[in-house]
Amino acid sequence: MLTKLTAREEEIMNFFWNKGPLYVKEIIGFYNEPKPHFNTISTFVRELESKGFVSHQAKGLSYQYCPTISRQDYSKRTLRGVIENYFDKSYLSAVSALVKEEDISLEELKQLIKDIESAEKKH
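One gets the working numbering by counting positions in the sequence shown from 1 and adding 48 to each.
Now the structure itself:
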């Protein structure tokens, strides 16, 4: 089972999700100066592989890594975990908390309901 990503791991996964398969040296290229050391990024990528987030394919003397989980699947799983751990498995409680904290407006909630109703009619 996949675990939660650390902030640095999520940053690296975003490179994979945005760009597709990558070599470690390509990942380093996405960073501003001072760029992280090759061994640092390589260690993070190998940890992502051990956690099941990426896999590799040998390409000559290098490894090309690719994501094994999509951003959407990771987001769904993470949201599910938050709701299970902090809202007693109640999606209604989670949405209620967002409304009470004004993180989602009544108009946005109404639009969400319309979108759900529309999607149900299509099935």
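For glycine and all other residues, C-beta sits at the position ideal for the given N, C-alpha and C.
None of these values were measured; they are calculated from a predicted model.
Cross-strand partners of residue i (DSSP beta bridge)
i	result
H104	Y113
As assigned by DSSP and simplified to three states, the class of residue i
i	result
L146	helix
L70	strand
F92	helix
N133	helix
Y122	helix
S153	coil
L53	coil
K170	helix
E81	coil
K99	coil
S138	coil
Cut-off 7 Å between Cβ atoms - residues of its own chain near residue i, not counting five sequence neighbours on either side
i	result
Y139	I131
V102	F64, V93, L96, Y113, C114, P115 and T116
V72	F86, I89, S90 and V93
Distance between residue j and residue i (C-alpha atoms, nearest Å)
i	j	result
K67	I76	13 Å
K148	K169	29 Å
T126	Y79	26 Å
Same chain only: Cβ atoms within 8 Å of residue i, ignoring 5 sequence neighbours per side
i	result
Q159	none
Residues near residue i in its chain [Cβ-Cβ closer than 6 Å; skip 5 each side]
i	result
Q105	Q112
A152	A small correction: the amino acid at residue 152 is Ile; Ala does not occupy that position in the sequence shown. Same-chain partners within the cutoff: L146.
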